[in-house]
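Enquirer:
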Amino acid sequence: MSEPIVQIRNLTLALPRGADRPHAVEDLSLDLMPGKILCVVGESGSGKSMSAYALTGLLPRALRVAGGEIRFEGRDLLRLDERTWRDLRGRRIAMIFQEPMTALNPVMRIGDQIAEMFEAHDLLTPKERRARAVALAGEVGLPNPEQIVRSYPHQLSGGQRQRAMIAMALALEPAVLVADEPTTALDVTTQAQILTLIRDLQTRRNMAVLFITHDFGVVADIADHVAVLQRGRLVESGPAEAVLRRPQAAYTKALLAAVPSLTPPERAPITEAPVALTVTGLAKTYATGGGLFGKPRVVAAVKEVGFDLRRGETLGLVGESGSGKSTTARLAIRLIEPDHGTVRLGSLDFTALGPTALRDERRRIQMIFQDPFASLNPRRTVEQIIAGGPIAHGTPARQARARARELLALVGLPQTAAERYPNAFSGGQRQRIGIARALAMEPDVLVADEAVSALDVSVQAQVLALLEDLKARLGIAMLFITHDLRVAAAICDRIAVMHRGTIVETNRTAALFRAPEHPYTRSLLAAVPGASFTESA
Amino acid sequence: MTVRPASPPLGTPAPAETVLPETVLPPSRSPAAIALRRGLSHGGFLIGAGLVGLIVLVALAAPLVAPHDPYAQDVSRRLIPPIWHAKGTAEHWLGTDKLGRDYLSRLIYGSQISLLIGVSAALISGVIGTTLGVLAGYYGGRVDAVVSYVVTTRLALPVVLVALAMASLVGGSLKVVVLVLGFLLWDRFAVVTRAATRQVRAQDFVAAAKASGFGAGRILGQEILPNILNALIVVATLEMAHAILLEAALSFLGLGVQPPLPSWGLMIAEGKPYMFFQPWVITIPGIALVVLVLGINLLGDGVRDITAPEGRT
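This is how it looks when you write it as structure tokens:
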């Protein structure tokens, strides 16, 4: 076996005083092998990104190196000065980031940004730099390299931007590539392509890759070695196959168990219960730009969408970004007004209501939001947040507050939560408060818009279990919007797949996963990371 | 109100496995308590609050602290220098003015006028500007276009010139100064609250309130206003300082507060002929003005810092 190219030994990074723990990373030792991909996995706050930053000398100022060393080509990276780092970064160690839109300079052409890598290190002539930029663009699979190097970042799609970032990182043929969640912001089909690209380039160039991710599916697809971090400590490491199939640490086992399976359980069809929500011919177009004289650009976000939903049933609305699934959710609860189409709640035509009647009837359809931090008013206590809706509808304050406390128990939070402000809670706890707020209105229909997407996988499993349990006990109909097919498989009775504003396929969950009919559904299913690993697990 | 169906059964709490490890809550403080705790370790905030607090106390307790009647003239004791001067007397710590009135007493009563003008002008302009800004930010579209037009129009008016013209047309008095400044200084309130409201309106908790059937009034009052209060307080302090300085300028030019009221600006104006030989008649009210405005600005900057977004606890 060959020598490791990077050796991280007993790395300890101290957090500033007053943080929730003394060290971001504690006593971490890892080896990076040439030509291998090491995946560092962990939930948010595990210190995985900080270890990547330490390896590229980009640690935030607040963090202090409290011990250990990182050996690379005979040097200790933790003791380099800024000049040496500038020379090393890009040339020997390169990095790609999570969000390709913010990591690229929006006013500079793609080709110039790639060429800048050579310029920063005083390599080649301007003409050679341009030629190399075109060659690199071709190598990372950007279409029409000669033309695309002349475009600006906003003219590229998310996947193309990430390819451009990779081209920049590869420009100087580094020995080590550090990738910090490079596919997290991408749609699942694009993610699959980028993962293949990274794998390809890494074998072709014999690079060592440190790949940071929170997604075990991605790990299964790409890793040679895996290191699992929990609260800054290494809990388990080893060859990917061993860690994924025969995890030793209890934490790794729990994490793997929390990943929803791609073989959904067979669920009994719900045909008896009364229909709670009927959506027919819903459409919404947006006009943007245009200004005083220009012609506005018209985008059809939702085109003729229709479905129905029975009490006690969960319908998944699945699609990639821009497919119109969130717009459909907001149309259904009339946060935005449709161009045409109707939403019926039971026998009530929800779309025909005037402003006053609408305010009365709104309680019947409630929403759970994606971002647990933006969806709770930071200036109100949890009790005020939960009881506010019923009080606005005329419930006596005392009764509403008593009910708020019952709901806290129902969503698994202690009574003491009532007097606190949202800042005291973690993401998962906030999502429980959001669910309690929605339930306080005693709705017939619950719309969950990416309600677990911002949560870590273990917390996600808990919130999904809670939603499932509530739905069963309260007989609520649930419209569940998600981009994540694993989550959809775990909770939905039926799934509707959305693509470019229309529903292309609707079927019972198990049947849809077993025999997808529409080609788009098939490509979505094929792109889910780690399919083989969970199928056989 | 509609007839609501019976509550769904709630009896037992959620099954144990969904209450898993997250139920241990850290100690929680209200946003106000967090701000106060930060404030106690913020130097500028403490100095500003100290200065402003001191001046407010003095203004409130003026009849108790002032050694003399600020209007009592005594021509036989004109222009006595302050106590640290060779010719100073312990009876008039800060000396007397050209009419023999006790300067310290006038300074103390003058703080009432400065604060009165600062607070009431900021209050009037705050109400006007916040109303316009919040409506523009919340409703957007046509409302926003109209408000933006009004704001632009207001910004095209030179404040000092308009204030001078109004005061000379109607005649200067305390009431006129307060009204003129109140109706002129609302632009920054409108601009800042409009931007802040737009930001808050885009948050999901506002959508949640709408989905709960809250009316516009409740959304503005409960969801939007409390979340733009920080920005409002900062603007209010800036405009208070601005109004106090403008009052001094107007009074100095004889178009503001009229004698014999003891306004600081008026005191400077009245001391003008004596500034070369009795400079204290100008420096004393001048320093008072600087200290008050500095204090208010430090306080405003402090409020801005200590109420900055969460995550710095």
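Those protein sequences? They're chains U and P, same order as listed. The C-terminal residue of the first sequence carries number 537 in the working numbering, and the numbering is unbroken. The C-terminal residue of the second sequence carries number 850 in the working numbering, and the numbering is unbroken. Backbone N, C-alpha and C define an ideal beta-carbon position, used for all residues, glycine too.
Who pairs with Cys39 (chain U) in a beta bridge, going by DSSP?
Expert: By one-based count along the first sequence, residue 39 (chain U) stands at place 39. Its beta-bridge partners are U:Phe211, U:Val226.
Enquirer: Looking only at its own chain, which residues have a Cβ that is under 8 Å from the Cβ of Ala254 (chain U), when we skip the five neighbours before and after it?
Expert: Within the first sequence, the letter at position 254 stands for residue 254 (chain U). For Ala254 (chain U), where only same-chain residues beyond five positions count, the Cβ hits under 8 Å are Ser458.
Enquirer: Using a cut-off of 7 Å between C-beta atoms, extract the partners of Ser567 (chain P) located in chain U.
Expert: Position 30 of the second sequence, counted from the start, is the residue given in the question as residue 567 (chain P). Correct list: Tyr421.
Enquirer: Give the DSSP bridge partners of Phe425 (chain U), in chain order.
Expert: By 1-based counting over the first sequence, the position of residue 425 (chain U) is 425. In the DSSP output, where bridge partners are listed per residue, Phe425 (chain U) has none listed.
Enquirer: Could you check whether the stretch 396-408 of chain U touches the stretch 378-387 of chain U, counting it as contact only if at least three pairs of C-beta atoms, one from each stretch, sit closer than 8 Å?
Expert: yes
Enquirer: With Phe480 (chain U) as the anchor, note down where its beta strand (DSSP E) starts and where it stops.
Expert: The residue you call residue 480 (chain U) lines up with position 480 of the first sequence. Looking at the DSSP string, the run of the beta strand (DSSP E) that includes Phe480 (chain U) is 477-482.
Enquirer: Assuming contact is defined by CB atoms lying nearer than 8 Å, are Leu15 (chain U) and His23 (chain U) in contact in what I supplied?
Expert: On the first sequence, position 15 is the one that residue 15 (chain U) refers to. On the first sequence, position 23 is the one that residue 23 (chain U) refers to. Yes, Cβ-Cβ distance for Leu15 (chain U) and His23 (chain U) is below 8 Å.
Enquirer: In chain order, what are the residue ranges of uninterrupted beta strand (DSSP E) at least 3 long that sit wholly in the stretch 312-347 of chain U?
Expert: 314-318, 340-345
Enquirer: Going straight from the alpha carbon of Leu317 (chain U) to that of Pro100 (chain U), what length do you get?
Expert: What you label residue 317 (chain U) is simply residue 317 of the first sequence in a count that begins at 1. What you label residue 100 (chain U) is simply residue 100 of the first sequence in a count that begins at 1. Straight-line Cα distance between these residues: approximately 27 Å.
Enquirer: Alpha carbon to alpha carbon, how far is Gln740 (chain P) from Gly754 (chain P)?
Expert: For the purposes of this step, residue 740 (chain P) is taken as the residue at position 203 of the second sequence. For the purposes of this step, residue 754 (chain P) is taken as the residue at position 217 of the second sequence. Approximately 17 Å between the Cα atoms of the pair.
Enquirer: Which residues in the same chain have their Cβ closer than 8 Å to the Cβ of Val699 (chain P), if we skip the five residues on either side of it in sequence?
Expert: Residue 699 (chain P) sits at position 162 when you count from the first residue of the second sequence. Val717, Leu721.
Enquirer: Could you have a look at Ala570 (chain P) and say whether DSSP puts it in helix, strand or coil?
Expert: Counted from its first residue, the second sequence places residue 570 (chain P) at position 33. For Ala570 (chain P), the three-state secondary structure derived from DSSP is helix.
Enquirer: Which residue spans inside the stretch 664-750 of chain P form an unbroken beta strand (DSSP E) run of at least 3?
Expert: none
Enquirer: Measuring straight from C-alpha to C-alpha, what distance separates Ala515 (chain U) and Pro265 (chain U)?
Expert: The residue labelled residue 515 (chain U) in the question sits at position 515 within the first sequence. The residue labelled residue 265 (chain U) in the question sits at position 265 within the first sequence. Straight-line Cα distance between these residues: approximately 14 Å.
Enquirer: Applying the criterion that 16 or more other CB atoms from any shown protein chain within 10 Å of the CB defines a buried residue, is Asp87 (chain U) buried or exposed?
Expert: Working through the first sequence from its first residue, we reach residue 87 (chain U) at position 87. Looking at its Cβ environment, which holds fewer than 16 other Cβ atoms inside 10 Å, Asp87 (chain U) is exposed.
Enquirer: Please list the residues of the stretch 353-370 of chain U that have a C-beta atom closer than 7 Å to any C-beta atom in chain P, keeping them in chain order.
Expert: Arg359, Asp360, Arg362, Arg363, Gln366, Met367, Phe369
Enquirer: Give a yes or no on whether 8 Å exceeds the smallest Cβ distance from Pro378 (chain U) to chain P.
Expert: Position 378 of the first sequence, counting from 1, holds the residue named residue 378 (chain U). Chain P contact via Cβ: present.
Enquirer: Taking the DSSP output, what are the residues bridged to Leu539 (chain U)?
Expert: Outside the displayed span of chain U (1 to 537) sits residue 539 (chain U), for which this structure offers no information.
Enquirer: Cα separation between Leu439 (chain U) and Leu410 (chain U)?
Expert: Along the first sequence, read from residue 1 onward, the residue named residue 439 (chain U) stands at position 439. Along the first sequence, read from residue 1 onward, the residue named residue 410 (chain U) stands at position 410. The alpha-carbon atoms of Leu439 (chain U) and Leu410 (chain U) are separated by roughly 10 Å.
Enquirer: Mind reading off the beta-carbon distance from Phe97 (chain U) to Asp221 (chain U)? Whole number of angstroms is fine, and I expect it under 8 Å.
Expert: In the first sequence, counting from the first residue as 1, residue 97 (chain U) sits at position 97. In the first sequence, counting from the first residue as 1, residue 221 (chain U) sits at position 221. With a contact defined as Cβ atoms closer than 8 Å, Phe97 (chain U) and Asp221 (chain U) miss out at about 20 Å.
Enquirer: Going by DSSP, name the residue or residues bridged to Leu277 (chain U).
Expert: Along the first sequence, read from residue 1 onward, the residue named residue 277 (chain U) stands at position 277. In DSSP, Leu277 (chain U) forms a bridge with U:Leu309, U:Leu345.
Enquirer: Closer than 8 Å, CB to CB, is Leu538 (chain U) near chain P or not?
Expert: There is no way to answer for residue 538 (chain U), as the model of chain U reaches only from 1 to 537.
Enquirer: Which residues in the same chain have their Cβ closer than 6 Å to the Cβ of Gly750 (chain P), if we skip the five residues on either side of it in sequence?
Expert: By 1-based counting over the second sequence, the position of residue 750 (chain P) is 213. Same-chain partners within the cutoff: there are none.
Enquirer: Could you check whether the stretch 52-67 of chain U touches the stretch 140-149 of chain U, counting it as contact only if at least three pairs of C-beta atoms, one from each stretch, sit closer than 8 Å?
Expert: No, the stretch 52-67 of chain U is not in contact with the stretch 140-149 of chain U.
Enquirer: Checking contacts by CB at 8 Å: is Ala748 (chain P) closer than that to chain U?
Expert: Reading the second sequence from its first residue, position 211 is the one you call residue 748 (chain P). Interface residue, yes.
Enquirer: How do the stretch 804-817 of chain P and the stretch 686-703 of chain P stand: do at least 3 beta-carbon pairs fall below 8 Å, yes or no?
Expert: Touching, no, given that fewer than three Cβ pairs across the two stretches are closer than 8 Å.
Enquirer: Leaving out the 5 sequence neighbours to the left and right, which residues in its chain are closer than 7 Å to Glu468 (chain U) when beta-carbon positions are compared?
Expert: Here residue 468 (chain U) corresponds to residue number 468 of the first sequence, with the count starting at 1. Cβ neighbours of Glu468 (chain U) beyond the five flanking positions: Ile491.
Enquirer: Show which residues of chain P have a CB atom less than 7 Å away from the CB atom of Met441 (chain U).
Expert: For the purposes of this step, residue 441 (chain U) is identified with residue 441 of the first sequence, where counting begins at 1. Within chain P, the residues near Met441 (chain U) are Ser749.
Enquirer: Compare the C-beta of Ile386 (chain U) with all C-beta atoms of chain P and state if any pair is closer than 8 Å.
Expert: By one-based count along the first sequence, residue 386 (chain U) stands at place 386. No, because no Cβ of chain P sits closer than 8 Å to the Cβ of Ile386 (chain U).
Enquirer: Ignoring anything shorter than 3 residues or poking outside the stretch 11-74 of chain U, list the beta strand (DSSP E) runs there in chain order.
Expert: 23-32, 37-41, 64-72
Enquirer: Any beta carbon from chain P within less than 8 Å of Ile333 (chain U)'s own beta carbon?
Expert: Within the first sequence, numbered from 1, the residue matching residue 333 (chain U) stands at position 333. Closer than 8 Å: yes.
Enquirer: Could you give the distance in angstroms between the alpha-carbon of Ser453 (chain U) and the alpha-carbon of Gln370 (chain U)?
Expert: The residue you call residue 453 (chain U) lines up with position 453 of the first sequence. The residue you call residue 370 (chain U) lines up with position 370 of the first sequence. Each residue's alpha carbon lies about 7 Å from the other.
Enquirer: Could you tell me the distance, in whole angstroms, from the CA atom of Arg638 (chain P) to the CA atom of Ala609 (chain P)?
Expert: For the purposes of this step, residue 638 (chain P) is taken as residue 101 along the second sequence, with counting starting at 1. For the purposes of this step, residue 609 (chain P) is taken as residue 72 along the second sequence, with counting starting at 1. Taking the straight line from one Cα to the other gives about 6 Å.
Enquirer: Taking only the alpha-carbon atoms, compute the straight-line gap between Ala673 (chain P) and Val680 (chain P) and give it to the nearest angstrom.
Expert: If you number the second sequence from 1, residue 673 (chain P) lands on position 136. If you number the second sequence from 1, residue 680 (chain P) lands on position 143. Whole-angstrom Cα-Cα distance: 5 Å.
Enquirer: At a CB-CB cut-off below 8 Å, which residues of chain U make contact with Arg755 (chain P)?
Expert: Locating residue 755 (chain P) in the second sequence gives position 218, counting from the first residue. In chain order: Ala392.
Enquirer: Does the beta carbon of Asp741 (chain P) sit closer than 8 Å to a beta carbon anywhere in chain U?
Expert: In the second sequence, counting from the first residue as 1, residue 741 (chain P) sits at position 204. Closer than 8 Å: yes.
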